[in-house]
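Take a look at the structure below.
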């Protein structure tokens, strides 16, 4: 009889846990995406948080920058670009703007592909 109660209890626990749901989290999960070979782990707001582009050639590297902008800044369009050097690394700083007047600079670390054709 004791085995029967144990078996019923185990079955009941299994059914209840299969039916349980978890409440949605109020905090969105951290987003880390990979677009092509561009590993996105930063926000690109400064040299310190620049998006590192992991490409071997300039064509692929520049394409990865624009893919990142389209994917992460919807409604923004490139409005200019400058090549900058900071602490021994090379950066593309792309100036973007939106139709509503928003402006932002996006920093990309291009050290891995700059000058490679």
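Numbering (my numbering), first residue to last: 49 to 165. Where a beta carbon is used, it is the ideal one built from N, C-alpha and C, also for glycine. Since the model is a prediction, treat every value here as computed from it, not as a measurement.
Return the first residue and the last residue of the beta strand (DSSP E) that residue i is part of.
i: residue 142; result: 137-146
i: residue 114; result: That residue, residue 114, is in no beta strand (DSSP E); its alpha helix (DSSP H) goes 106-120.
i: residue 134; result: 124-134
i: residue 155; result: 151-157
Thinking C-beta only, is residue j closer than 8 Å to residue i?
i: residue 158; j: residue 101; result: yes
i: residue 146; j: residue 124; result: yes
i: residue 140; j: residue 113; result: yes
i: residue 106; j: residue 156; result: no
For residue i, does the count of other Cβ atoms within 10 angstroms reach 16, so buried, or fall short, so exposed?
i: residue 98; result: buried
i: residue 109; result: buried
Since residue i sits in a beta bridge, which residues does DSSP pair it with?
i: residue 101; result: Partner(s): none; residue 101 has no beta bridge.
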